[in-house]
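One structure is given below, encoded as structure tokens.
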Amino acid sequence: MERPSPTDQRSKRGLGADQAARLAALNARRTGSAASRAPRRGVQPPTQRDALNARLDALANRRSLPPPSARAGALTPNHAGPRSRRRHPAQGARAAALGLSLASTGALAALFAVTGGNPSAGNQVAAASIVASPRPATALVPGSAGATSMAAAPVSTTPPVAAATDAVVDGAVFHNRWGDVQVEATFAPDGTLLDVTTLQTPYIDGRSVRINEIAVPQLNSEALTAQSAEVDTVSGATYTSNDYRRSLQSAIDAARAAGLTAIA
Amino acid sequence: MVTTATPPKARLHHVECVMGTAVSFDVRDTTPHRDGLDEAIAWLHHVDHTFSTYIDDSPISRLGRAEITLDDVDEEVTDILLLCEQLNDDTDGAFDAFAVPAPNGTTLDPSGVVKGWSIERAAHILEAHGHTDFTINAGGDIAIRGHAAPDTPWTVGIRHPHDRDALAMVLDVVGPAAVATSATYERGAHIIDPRTGQPTTELASVTVVGPDLTLVDAYSTAIFVMGLSGLQWLARHRGHEAMAITHDDRMHLTPGFTAWRRPEIERPAY
């Protein structure tokens, strides 16, 4: 990697106590202002802080006006109406994890008590297998505007080779505003999580389908990345479906209770 | 240099659900204790409670409603907002923490910086506890240190925006480094251009590689809003490279990006 410039290094160690001073110095240099004196450590220069307060004040004033409906709609493409207070996704996951960790053979009962999931969906164990997929080539094409372009042919990840006695565990069903979410996890004989497939995904309109077609495989990959020999980790925007995670966690917990896996 | 037998790897792996996403720690050095991991996790929950726009009484939500002022919040909140303003200047408004509606009903949302910053800082916490080789992946944004194994770079897959179960590219990365990707389908919502209030549509995804996740994450968001011209904009930030994928499945790379690309995926011969 190239040596980063001072600008790039400004948060190299995170925003430490002297960060404000470094930011101020940076700002003074870029704007060419005469305020090049070194500010005191850990204290924002009054002008910057005042500017920030001014923006916060403007924000407060703007809030007294009705919000543009177009903006609210743009942030909530999947349902009509403004979003009221939402439960933080991590809260639900922690609640589910807590409920699951407290239970052993009664894991499902605890899960449904915590989450209100569909009690008709029990966890079950059965045999299954994994199918490998080939990898298409990536072709170079002429670039433009100083940047290289190429066809973004997919590089398929190679699933682990399945053993004869893999175990498949269905996760619990979770209901959200878009429908039901349920996953199915496959474990190798040694307890390794091999695969996660989606048994149910929400379906209401075209957009929901579009989102889930893309989002679910990402979450599959996220779950598999931890143990994939192909790549160590994956960068990509993640549709963080809490229900997906909870269903997967319930499958893992059920597998653990059955002695199939050591995954936490 | 005297070569001795490689000590057994005590791999530490942990997934923490925090900040509305799954944060995955993968520590591969031989530092035996997990004090650093515990401290990093506690740090992320602290950040979540401070900056969450999903929690109505978080300091950032109260600040957005003008119930409190900068005098009432931790110094780090002011620091983050100042950094947001720097980025706003730097990107000509493509990155703006004061313009896009947040889940709490305000339009103060520094989330575009907070995640990368907090993960980068979590990496520093692990380093302070002696860890040298690890990744922290927060919903696809990754802080990287050291190697995956002795003399072996981390392999980082870049998710393909249009093809399920596929990667668009694989990178070889030796830390310290960071990789972040912005894409339209994140959390089922679009990324809003703060200058227009409308969703941006030119790009399907943008991946940025650089030394520090704080800026890498923010730059990927900004370039996503800027469109392809953002690749030229990035040239002013040395040490950063980017790949954009358009909806016709073409990759557009800054000149130095290919240096990160894994030359060839090794395949075992059967």
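Protein chains in written order, with this note's numbering: chain V, 1 to 264; chain H, 1001 to 1270. Note that beta-carbon positions come from the ideal geometry of N, C-alpha and C, so glycine has one too. Please read all numbers here as calculations on a predicted model, not as lab measurements.
| Item | Value |
| --- | --- |
| Chain H residues whose Cβ lies nearer than 9 Å to that of V:ARG49 | LEU1070, THR1078, LEU1082 |
| Per-residue contacts from H:THR1200 into chain C (C-beta, under 7 Å) | The chain labelled as chain C is not found among the protein chains of the depicted structure, namely V and H. |
| Three-state class that DSSP yields for H:ILE1107 in the structure shown | Going by the sequence as given, residue 1107 of chain H is Thr instead of Ile. In the structure shown, H:THR1107 sits in coil (DSSP, three-state: anything other than H, G, I, E or B). |
| Residues that H:ASP1141 contacts on chain V, provided the C-beta gap is smaller than 8 Å | SER235 |
| Enclosing alpha helix (DSSP H) for H:THR1221 [first to last residue] | 1213-1226 |
| For H:ARG1145, three-class secondary structure by DSSP | strand |
| Nearest-angstrom Cα separation, counted from H:PRO1103 out to H:GLY1197 | 15 Å |
| H:GLU1120 in three-state terms, based on DSSP | helix |
| Simplified DSSP assignment, three categories, for H:ARG1065 | coil |
| Three or more C-beta pairs below 8 Å linking the stretch 1036-1045 of chain H and the stretch 1010-1026 of chain H | yes |
| Best match in H:ARG1236, H:GLY1093, H:THR1031 for proximity to H:ASP1193 [C-alpha to C-alpha] | H:GLY1093 |
| Close-in-space but distant-in-sequence residues of the same chain around H:HIS1131 (CB under 8 Å, 5 per side omitted) | VAL1027, ASP1029, THR1031, GLY1036, ARG1145 |
| Given 8 Å, three or more beta-carbon pairs between the stretch 1237-1248 of chain H and the stretch 1204-1211 of chain H | yes |
| Buried or exposed by the 16-neighbour rule on C-beta atoms within 10 Å, applied to H:GLU1076 | buried |
| Neighbour flag for V:LEU59 against chain H, beta carbons, 8 Å | yes |
| Contact set for H:PHE1224: own chain, Cβ-Cβ below 7 Å, skip 5 residues either direction | SER1182, ILE1191, THR1200, LEU1203, VAL1206 |
| Neighbour flag for V:ARG55 against chain H, beta carbons, 8 Å | yes |
| Selection of the stretch 1039-1073 of chain H by Cβ proximity to chain V, strictly under 8 Å | ASP1048, SER1052, TYR1054, ILE1055, ASP1056, LEU1063, GLY1064, ARG1065, ALA1066, THR1069, LEU1070 |
| Chain-ordered neighbours of H:PHE1098 on chain V, where CB pairs are closer than 7 Å | ARG55, LEU59 |
| H:VAL1174 versus H:ALA1122 - alpha carbon distance | 18 Å |
| Any non-hydrogen atom of the ligand GDP within 7 Å of V:THR186 CB | Absence of the ligand GDP from the depicted structure is noted, as is the absence of any ligand whatsoever, leaving it without description. |
| Which residues DSSP lists as bridging H:MET1019, in chain order | DSSP, once it has assigned bridges, lists no residue as partnering H:MET1019. |
| Bridge-paired residues (DSSP) for H:ASP1092 | None; H:ASP1092 has no bridge partner. |
| For H:VAL1047, the first and last residue of its enclosing beta strand (DSSP E) | No beta strand (DSSP E) contains H:VAL1047, which is instead part of the alpha helix (DSSP H) from 1035-1051. |
| Boundaries of the beta strand (DSSP E) in which H:THR1154 is found, first to last residue | Reading off the sequence, residue 1154 of chain H comes out as Trp, not Thr. 1154-1159 is the extent of the beta strand (DSSP E) around H:TRP1154. |
| Supposed close pair H:ASP1141, H:ALA1180 - CB separation, criterion 8 Å | 4 Å |
| At least three beta-carbon pairs within less than 8 Å, the stretch 1144-1159 of chain H to the stretch 1048-1059 of chain H | no |
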